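Start counting the sequence shown at 600; every next residue gets the next number (our numbering).
Since the structure comes first, as structure tokens, the remarks are kept for the end.
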Amino acid sequence: MIRSILYATDLGLYAPYVLQHALSLARAYNAQLYVVHAVEPLGLFAESVLQTYLDDDTLKELRAKGLGTVMSSIEQRVLEGFRDEMGEAVQDLDMIRAVRVVQGDPPLVILEEVQKLSVDLLVVGSHSHGTPLETPLGRTAARLVQLSEVPVYLVPMLQHRGRNDF
Numbered sequence: 600m601i602r603s604i605l606y607a608t609d610l611g612l613y614a615p616y617v618l619q620h621a622l623s624l625a626r627a628y629n630a631q632l633y634v635v636h637a638v639e640p641l642g643l644f645a646e647s648v649l650q651t652y653l654d655d656d657t658l659k660e661l662r663a664k665g666l667g668t669v670m671s672s673i674e675q676r677v678l679e680g681f682r683d684e685m686g687e688a689v690q691d692l693d694m695i696r697a698v699r700v701v702q703g704d705p706p707l708v709i710l711e712e713v714q715k716l717s718v719d720l721l722v723v724g725s726h727s728h729g730t731p732l733e734t735p736l737g738r739t740a741a742r743l744v745q746l747s748e749v750p751v752y753l754v755p756m757l758q759h760r761g762r763n764d765f
């Protein structure tokens, strides 16, 4: 029985397409829908730049308060972006119970959210935008298929290919 679904998005070009699948499944099963977007942690270069220009106290405050504010802002923008993409079908967005933006390695963040929310199904796209055409499965999707303890609904990102590409 599918009572709750987690849609993991990279917010890329195909995110609205994958969202349509997640919403359709939520509608069909009358399930709660959650959305998660993983943000890669700051790289060493970004960290060193911040350390160069900010004193220790400001850096600690930025990490404690600023990051949370940024994440909340991204969550709002994700929901607003979905509203813009949905157009007249915006009432379907009422099925979304929560949008979470979490910093960390995408496969690990997604798997942690699966456990935390106790969802019954995970919905992801097969590739990120920009993944080479010859790559059969993106890094995050491959890791999720390997490690997920719940079924993974994988939406193929093949609509940009022609029949001769196979």
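All C-beta atoms in this analysis are idealised placements derived from N, C-alpha and C, irrespective of residue type, glycine included.
In this text the structure is predicted, and so the values were computed from the model without any measurement.
Along the length of the segment 601 to 650, whole alpha helix (DSSP H) runs at least 4 residues long occupy 614 to 628, reported in chain order. Across the set Arg738, Gly724, Leu720 and Arg626, the C-alpha of Leu720 shows the shortest separation from the C-alpha of Ile601. The beta carbons of Val701 and Ile673 sit no closer together than 8 Å.
Ranking Met756, Thr657 and Val723 by CA distance to the CA of Val744 puts Val723 first.
If the five residues before and after Ser603 are omitted, its C-beta is found closer than 6 Å to the C-beta atoms of Ala630, Gln631, Val718 and Asp719, all from its own chain and listed in chain order.
Here Leu653 carries a coil assignment [DSSP, helix/strand/coil]. Scanning its chain for C-beta atoms nearer than 6 Å, with the 5 sequence neighbours on each side dropped, one finds around Val754 the residues Val617, His620 and Gly724, in chain order. When only Cα atoms are considered, Asp693 and Lys659 end up about 37 Å apart. C-alpha of Tyr606 to C-alpha of Glu711: approximately 13 Å in a straight line.
Val708 and Leu622 have their C-alpha atoms some 21 Å from each other. Scanning Gly737, Ser727, Met670 and Leu653 for the CA closest to the CA of Tyr613 turns up Ser727. Taking the Cα positions, Pro750 is about 16 Å away from Lys715.
Assignment of Val713 by DSSP, reduced to helix, strand and coil, places it in the helix class. For Leu743, there is no enclosing beta strand (DSSP E); the residue is found in the alpha helix (DSSP H) stretching over Arg738 to Leu746. If the five residues before and after Pro640 are omitted, its C-beta is found closer than 7 Å to the C-beta atoms of Gln702 and Gly703, all from its own chain and listed in chain order.
Secondary-structure assignment with DSSP links Gln702 through a beta bridge to Val638.
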